[in-house]
Each structure stands twice: as structure tokens, then as C-alpha cells.
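Novice: Chains as they are written, first to last, in our numbering: chain A, 1380 to 1490; chain B, 1426 to 1539.
Here a beta-carbon is modelled for each residue, glycine too, at the ideal position from N, C-alpha and C.
Just so it is clear, the structure is predicted and the values come from calculations on it, not from any experiment.
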Amino acid sequence: LAKTTQPISMDSYEGQEVNITCSHNNIATNDYITWYQQFPSQGPRFIIQGYKTKVTNEVASLFIPADRKSSTLSLPRVSLSDTAVYYCLVVGESGYSTLTFGKGTMLLVSP
Amino acid sequence: GAVVSQHPSWVICKSGTSVKIECRSLDFQATTMFWYRQFPKQSLMLMATSNEGSKATYEQGVEKDKFLINHASLTLSTLTVTSAHPEDSSFYICSAGAGGTEAFFGQGTRLTVV
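1. Name, please, each residue of chain A whose Cβ falls closer than 9 Å to the Cβ of F1530(B).
2. Just the Cα atoms here: how many angstroms apart are I1518(B) and T1383(A)?
3. Give the DSSP-derived three-state secondary structure of D1513(B) in the structure shown.
4. So who's on the other strand from N1495(B), going by DSSP bridges?
5. How many angstroms separate the CA atom of C1448(B) from the CA atom of K1448(A)?
6. Can the beta-carbon of L1454(A) be found closer than 8 Å to that of D1446(A)?
7. Does the CB of I1404(B) have a neighbour CB from chain A at under 8 Å?
8. Mind listing the chain B neighbours of Y1411(A)? Cutoff is C-beta to C-beta under 7 Å, in chain order.
9. Residues of the region 1443-1469 of chain B with a CB closer than 7 Å to any CB of chain A: list them in chain order, please.
10. For the beta strand (DSSP E) containing A1473(B), list its first residue and its last residue.
11. By the three-class DSSP mapping on this structure, what secondary structure does S1460(A) have?
12. Does any CB atom of chain A fall closer than 8 Å to the CB of G1533(B)?
13. Name, please, each residue of chain B whose Cβ falls closer than 9 Å to the Cβ of L1478(A).
14. Quick check on this structure: which residue in D1490(B), V1487(B), S1479(B), G1486(B) has the alpha carbon closest to the alpha carbon of S1502(B)?
15. DSSP on I1406(A), reduced to helix/strand/coil?
16. Under the rule that 16 or more other beta-carbon atoms within 10 Å means buried, what is F1464(B), buried or exposed?
17. Enumerate in chain order the residues of its own chain whose CB-to-CB distance from I1446(B) is below 7 Å, with the five nearest sequence positions on each side excluded.
18. Looking at the secondary structure, which residues open and close the beta strand (DSSP E) in which H1528(B) lies?
The structure is reproduced here in C-alpha cells:
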């Protein structure tokens, strides 16, 4: 399983764009990059998943460079309710299988 | 997306008693479910993989006789913490997949052993 590295914490203000970068140098050819969000005392919630280039949904965008050794989760115009821990995971093609969670990034959004 | 439901959301029990936590896939069938444990300010740690109709697979360091897992149907897996002690107090989370590469997580169960 590819190991991921991301910042421990980030601070932002309401209305700003937040970019969280994750490195996964050992990603395999068939692996996908997946991001989850977790609020205190709740289970993780799927945000976005991608394989290469750019993926966008109603919540976030995911940018993946050509070498796929890193990825960036972009949250546009964050609000206080976006304060949470964000996990970057690498998932095999055969399915989510066993997910290995790193420490995640604690995003604190202030007024 | 698919829904995974855990019950109860929180439970308090006395030392030495057993507690059962249920994990249900509400709108899909899951041949495999996963159980995680999360201590305060730490990440999720996989405890075991629950397989429908067969024995669960436990991660290294997880006592299978203490954390009993039963996956009797395609929509239900249960985790029983036997002879609970205060150090078992934690946040327990289950997850399941609906066939794709996305995992769906339950809302978690806060266990407090007093």
C-alpha cells in the first residue's frame, strides 16, 4: 500500500480557497487517490476520488500531476463548517479493500 | 451514495461486561465490512476485516477472542467487545464497499468503559 504524507494542520479564514497537498511517491499504476473528510465523533465521509489530471465535484477539486506522485485537494471558499480532518488515501483498482489512514490534515477555518 | 449505519452511536458499560456494536449496509449488500478503532486525536486504525459467512481476519495485535466479529448476513456485521476494560474505551467505526472503489463509513460508536 502506498504511503501518503500530508501536512498535520492548516489554518484558513472563511471565504478563502484551501489547497491541501498529499504526497504518495510509491503509488502504483492502478491506484486511485481518494480524499475523506472527518468531523469529530463521526465516521469519515468521501469527498472526491481521481486517477489523473483534474476531477471536480460539487464539493471540491482534485488536481493530480502527470507523475501522480502527489495530489492537491482544493476546497473553494471554505466556511466554518469545513473545519475537519482531511485524509488522503491511495486505493487499489480492485476496490477500496483495506484503507490505510495516515494522520490526516486538521483544517481549522476561522471567521 | 450508499448508507452504512451503526448502532448504538454511544454506549457506556461497566468493566468486565460485553458490548455489541452493529454495522448495517442499508441499501446495498456487503460481502466484506471493515472495523476500525480511533483513539482521541489519532487516525483510524484497522482492526479486522469481516467476511460474510466466514471467519474475520484480524490485524496484528488485535485480540480475536476479545473483539468478536460476526458477519451473518450480507447487510449486517457485529463487533462484540468482550470483558471490556477502560483501555477499550474508544471510537469504533465500520465501513463497507458497494462494489466500486469508494468506502462508506458508519457514523461510529463511542464506547466508554467505566
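Specialist: Quick look at the numbers:
1. Y1415, Q1417, Q1421, G1422, P1423, R1424, F1425
2. 21 Å
3. helix
4. T1503(B)
5. 35 Å
6. no
7. In the structure as shown, chain B starts at 1426 and stops at 1539, and residue 1404(B) therefore has no counterpart that could be examined.
8. T1526, listed in chain order.
9. Residues passing the 7 Å Cβ filter: F1459, S1468, L1469.
10. 1470-1476
11. Assigned with DSSP and collapsed to three states, S1460(A) falls in helix.
12. yes
13. F1459, Y1461, L1469, L1471, S1520, A1528
14. S1479(B)
15. Residue state, collapsed to three classes: coil.
16. exposed
17. So the list reads Q1431, T1503, L1504, Y1517, T1534, once near-sequence residues are dropped.
18. The amino acid occupying residue 1528(B) in the given sequence is Ala; His does not appear at that position. Per DSSP, A1528(B) belongs to the beta strand (DSSP E) from 1528-1530.
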